[in-house]
Each structure stands twice: as structure tokens, then as C-alpha cells.
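Counting with mature numbering (1 follows the signal peptide of the UniProt record, and there is no 0), you get residues -21 to -1, 1 to 415 for the letters of the sequence shown.
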Amino acid sequence: MDARLISSLIWLLLSFQATSLQLIKHATQDSSGPGSLHHDLKIDSQQPLSIQSESPPYRSRLVDLHRSLVEISSTTGHEAEVGTFLSHYLESHGFDVKQQSLPMREDAQASNYKPKRFNIIARPSAAHSSTAWNPRLLITSHIDVVPPYIPYSIDADPSDATDETIIRGRGSADAKGSVASQIIAVEELVHRKLIHPEDVMLLYVVGEEVDGAGMKRFSDSLEDPSKQFHGFESVIFGEPTENKLACGHKGIIACTITATGKAGHSGYPWSGESANEMLMRALVRILDTDLGSSDEYGNTTINVGTLAGGIAFNVIPEFAQSNISARVAIGPQDSGHIAVRHKIEAILAKENADHLSIKCGLGYGVVTCDCNIEGFQTTTVNYGTDIPNLKGNHRRYLYGPGSILVAHSDDEQLTVGDLETAVEAYQKIILHDLST
């Protein structure tokens, strides 16, 4: 029988099994209380369901791996320890592993501390042993986190954990929950011989939270004449999406706006020109203007991140500056952000062309993803990901456990059930894609 037909049949069987088990759960269990981050899934939500009325066979491995990842501090630029742990874990669980080195961050070059940075690339050891790795599907997330480090904690003894048990700690949701769930999902599929080992490859990158250095390094390596890693048709990106399949995310552009005025005595405001006033009026205009909107992503929004200007309360400020970012709600990916920048430039020109200037960095418009898989609840998200940093023409899926609303906060958390649901969902996405 054709391998793709077999994969399709297996995928349908898993979908039927998960839905049937969830029907049983809802017949015997009340909903979670208000305020819980764990969503008690409705039958008609069409969300991929894990076996939550009883402990799945991989629960202890999943919780243990997730705990080990979260317990290791790995703020951006300092990912070596968690990378070393993950490399050893994968090697001891039947994966071939390569470490892809990156240059040290510029802020570390002047110090005596020289942290090693590397991506982790892995494939099931049962895959063919040729020099080139030719997976059909790449599964990826990031191992760096934002500061500060928050220790791991769990609301129950791991041996007594239920699907509602809450786990806290930095990176528990963003994105070590995705990392752990992806690895267990692949281990399970390979162990049960539901996929060909050579069809999948894992990639865990550094630097996503700051500049995407890890994914950019991997992407550049695809252009190497040796082509050691190539051939994938699809990529699953792991980020906290509340266990929904994301159809895309907003773009972004960051800019610095500068106002130049004329200093003078504050008692005689007409003797000078206030850079602060110029900048504030311009920012209000920007905030009040429709910079681009769409049905799928809503409005383009502005965050005024920093404001600085003036030297004393009694001196008319001659210099002011603000760093802003726009979450871009329009496309396409390669130019949506440029349209937003042009609108901001037009506002500044109308306000005071001679005294206001703007400088913007790189950016991108809305990023679309594949989300047409039966049985998933879908969404769009407003944050950025590594998706634009990976060049190439491939299908893109965005999914992961946990909520972005608690990521980066001092109460970052998810539940054991979130992790288990993600394992089942990642398996479903993998089987769906490989059967296409």
C-alpha cells in the first residue's frame, strides 16, 4: 500500500480516537473554573484533543523533559547550558545531533565571559546515514528566553500531576513547552513506526527573543554549496498559541523619531522651539491615525516604547527622541511594513518637516501560515516569530502550548494538560503534512 495512503489512514484513526476520548471526558467531568489558564475544551471547538481523562504513557517523560529545560536559565546570549543538556538528551533518546555554531553576541565581545552559542539540529538515528540530511518536514522552536530567570515550580508532585496541574517558570510557555512537546511527539511517532525517521528533522535555535540570530544562521546555511541540510517542504514553528493553529501573525517595524528645536529660557517660550512639544504632537497624530488594517489582523498598533528630551525643567528642550514599534496588520510580508512607514513619514512631514526625522530598521508585513487542518481551532496572533527569518518556499505551521498573555510576565505558566494536548496536536500536524 502507498506510504502516503497509510499515513492518511493513521491520521484519521488518531483524530477519531482523540475525539471519542474527549466525548467521554465531557460526559464525566465538569468544566474548569473561571480564571483558569487551562481551557476545558468544548466538543464543537474542533480543537485537537489529548487523552486527559487518564494519564498518557508519556506523561512522566514529558513533564521531566519540560522541567529540565525550564530549570536551566537560558536568556538570550546565554543558551549554551540548555543547548548542551538538550544535545545530550536527544543523543540518549535515539537522535543524531549536530551543533551549529554562532558568533558570540557583540555585548559579550568586550568582556572576559565568552559564551558559546549554537543551534541544535537533530534527526532520529534510524534515518539513513548519508552526509546530507534530507527531511521532508522541519520541526523547530527556540531555546532562549527573556530575562529575568524565574525558577521552575509545579503545583503537585510530578507523580500525582493531572492535566490541570499548573507549571510555572521562565520559558515554561515561551517556548520550552513547545520544545518538550515537539520532541515527545516525534519520539512517539517514531517508536510506533507511524512515520519514516528520515522524513523529519528537529531544529532548536538561539536568539529568537532579540534578533533571530539562530534562525538566520540556519537559513544562511541552506545556501551553502555543500547543502548539508535541505529538501524540507514544510516547517512547524513552536510558539505559545493557546493550543490553536495560527493562520498567521502581524508584522513589525521599529523606528526612531527625532525632533530638533531651539533652546531658550522656559519663561519666554517664544524665544525657542520645544523639541518635546513637536515630538509629542507628532506621536499623538501617529497614534490617532489608521496606519493600515485588515479583517484578519485588525488594526496596525503603535507602541511608544521610549521618550527622552530636554536637559532641565527651566530650559526649552532643543532635542527629543522616541523609539516606537508598529505591529503591522497589512501585507504582503515583504512590503506591508513599508506602507506603514510611509504613512508615518507623511504625518511627520505634515507636522513639521524641517524639525522631525525618522529612521527605521528592518521589518516585515503580516506573515501567513497554513492552518487548513481538520479538527483544529484557529487564530491569528500579534507577536513576531522566527518564521520570516527562515528563507525558502515551504508550508508553514504555527502552533504551541501556553498563552502569550502570560509569556514574558512574572507569572508565566501552563498546565500539564496543555503540554499533553500539544503532543497530540503536533503528531496530528506531522501526520497530516507527511500524508499530503
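Using N, Cα and C, we set each Cβ at its ideal position, and we do this for glycine too.
Fair warning: this is a prediction, and the values are worked out from it, not measured in the lab.
Best match in the options for proximity to residue i [C-alpha to C-alpha]
| i | options | result |
| --- | --- | --- |
| N98 | A242, R196 and G156 | R196 |
| S104 | G271, E403 and V179 | V179 |
| N361 | T347, N368, S47 and N351 | T347 |
| S160 | T400, G371 and I133 | T400 |
| D136 | R38, E167 and I281 | R38 |
| T54 | I122, L44, R102 and S34 | I122 |
| F292 | H244, A328 and V189 | H244 |
| D274 | R149, D75 and A308 | A308 |
| F208 | A404, P35, L369 and S388 | L369 |
| Y128 | P35, R147, C339 and N372 | R147 |
| D75 | N372, L182, Q300 and N351 | L182 |
| V214 | L173, H45, E58 and C350 | C350 |
| G315 | L327, T279 and S138 | T279 |
| D43 | Y68, E60 and S52 | Y68 |
| I51 | S132, P311 and I317 | S132 |
| G217 | D365, E60, R374 and D199 | D365 |
| S304 | I145, I236, G62 and A325 | I236 |
| A164 | E188, T415, L413 and I409 | I409 |
| R171 | Y376, S80, P36 and P367 | P36 |
| R102 | G284, Q78 and R96 | Q78 |
| H228 | T268, L377 and L413 | L377 |
| A225 | G342, M83 and R375 | R375 |
| G246 | D269, L266, V294 and N282 | V294 |
| G289 | Q300, V283 and N282 | Q300 |
| H411 | R306, G73, E60 and I174 | I174 |
| D199 | S80, R264, L341 and P311 | S80 |
| T415 | G379, Q356, I352 and L384 | I352 |
| N372 | N302, G210, G271 and R149 | G210 |
Anticipated Cβ contact below 8 Å, residue i with residue j, distance rounded
| i | j | result |
| --- | --- | --- |
| V242 | G251 | A small fix is needed here, since residue 242 is Ala in this sequence, not Val. Right, their Cβ atoms sit about 6 Å apart. |
| S157 | L393 | The pair is not a contact, with the Cβ atoms about 10 Å apart (cut-off 8 Å). |
| G230 | G344 | 4 Å |
| D142 | V402 | With 8 Å as the limit, D142 and V402 do not qualify as a contact, their Cβ atoms being about 12 Å apart. |
| E212 | R115 | 5 Å |
| N222 | D397 | 6 Å |
| E297 | A254 | 6 Å |
| E330 | D153 | So it is not a contact: roughly 38 Å between Cβ atoms. |
| M259 | H334 | Their Cβ separation, rounded to whole angstroms, is 13 Å, which puts M259 and H334 out of contact at 8 Å. |
| P219 | S382 | 6 Å |
| V184 | R96 | That pair is no contact at about 10 Å. |
| A261 | I317 | Not quite, the Cβ-Cβ distance comes to about 20 Å (not below 8 Å), so this is no contact. |
Where residue i sits in the DSSP three-state scheme
| i | result |
| --- | --- |
| L398 | helix |
| P103 | strand |
| Q406 | helix |
| T280 | strand |
| N293 | coil |
| I118 | strand |
| N302 | strand |
| D42 | Contrary to the premise, residue 42 reads as Val rather than Asp in this sequence. Three-state result, V42: helix. |
| V169 | helix |
| Q8 | Residue placement at Q8 is poorly supported in this model, since its pLDDT is 38, which falls under 50; the coordinates still yield a value, given next. Reduced to three states, the DSSP call for Q8 is coil. |
| V307 | strand |
| Q31 | In this prediction, Q31 scores a pLDDT of 43, lower than 50, which makes its location untrustworthy; the coordinate-derived value is nonetheless stated afterwards. Residue state, collapsed to three classes: coil. |
| S414 | coil |
| L262 | helix |
| Q26 | Low confidence applies here, because Q26 scores a pLDDT of 49, under 50, leaving its location unreliable; read the following figure in that light. DSSP places Q26 in coil when its eight states are reduced to three. |
| Q1 | Confidence is the limiting factor: at Q1 the pLDDT is only 42, short of 50, which leaves the residue's position unreliable and the question unanswerable from this model. |
Which residues DSSP lists as bridging residue i, in chain order
| i | result |
| --- | --- |
| K77 | I100 |
| R374 | S213 |
| L393 | I146 |
| I133 | I146 |
| L286 | S301 |
| S273 | G277 |
| T54 | V124 |
| E324 | In the DSSP output, where bridge partners are listed per residue, E324 has none listed. |
| E252 | K241 |
Any non-hydrogen atom of the ligand MN within 7 Å of residue i CB
| i | result |
| --- | --- |
| D397 | Here there are no bound small molecules, and the ligand MN is not part of this structure. |
Short CB-CB distance (under 8 Å) between residue i and chain D
| i | result |
| --- | --- |
| G73 | The structure shown has no chain D; it contains just one protein chain. |
Ignoring anything shorter than 3 residues or poking outside the segment 333 to 368, list the beta strand (DSSP E) runs there in chain order.
Fully enclosed beta strand (DSSP E) runs of 3 or longer: 335 to 343 and 357 to 360.
Taking the runs of the alpha helix (DSSP H) that are 4 residues or longer, which of them lie wholly in the segment 179 to 249?
Listed in chain order, the complete alpha helix (DSSP H) runs (minimum 4 residues) inside the segment 179 to 249 are 192 to 200.
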